[in-house]
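Undergrad:
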Amino acid sequence: MEGNIAEMGQFIGAGLAAIGSGAAAIGVGHVAGNFLAGALRNPSAAAGQTATLFIGIAFAEALGIFAFLVALLLMFAV
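Quick note on numbering that gives the first Met the number 0: the sequence shown kicks off at 0 and runs consecutively.
(1) Beta carbon of L73, beta carbon of A13: below 7 Å?
(2) Determine the extent of the alpha helix (DSSP H) in which V69 is found, giving its start and end residues.
(3) A50 to I11, Cα distance in whole Å?
(4) What does a CB cutoff of less than 6 Å around V27 pick up in its chain, not counting 5 residues either side in sequence?
(5) Determine the contact status of A17 and A76, defining contact as a CB-CB distance below 7 Å.
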């Protein structure tokens with residue numbers, strides 16, 4: 000019985016950690032949306048902000064990947 004509770008805890012923790020993947024998608028949407036809003040307000044400055052857009056997307060995706068790795072570790076390594 001006790002082993003089943005520990006296994007359920009692993010899967011619950013992995014599911015909670017996987018929420019970070021969805022949060023990363025929301026973050027990428029905010030980054031891209033704010034870039035587009037700024038580019039529509041000032042089209043001449045949009046070209047200079049493209050590098051910042053990709054850096055923001057990369058950081059948001061990295062957090063999603065880390066959350067996915069934590070979920071995998073909780074499921075298979077703990």
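Even glycine gets a Cβ: it sits at the ideal position worked out from N, Cα and C.
Predicted model, so just to flag it, every value in this text is computed and none were measured.
TA: Result, derived from the coordinates:
(1) For the purposes of this step, residue 73 is taken as residue 74 along the sequence shown, with counting starting at 1. For the purposes of this step, residue 13 is taken as residue 14 along the sequence shown, with counting starting at 1. Yes, they are a contact pair.
(2) In the sequence shown, residue 69 corresponds to position 70, counting from 1. Note, V69: alpha helix (DSSP H), 49–75.
(3) Locating residue 50 in the sequence shown gives position 51, counting from the first residue. Locating residue 11 in the sequence shown gives position 12, counting from the first residue. About 38 Å.
(4) What you label residue 27 is simply residue 28 of the sequence shown in a count that begins at 1. Excluding positions up to five away in sequence, the list reads I56, A59.
(5) Position 18 of the sequence shown holds residue 17. Position 77 of the sequence shown holds residue 76. No, the pair does not count as a contact, with Cβ atoms beyond the cut-off.
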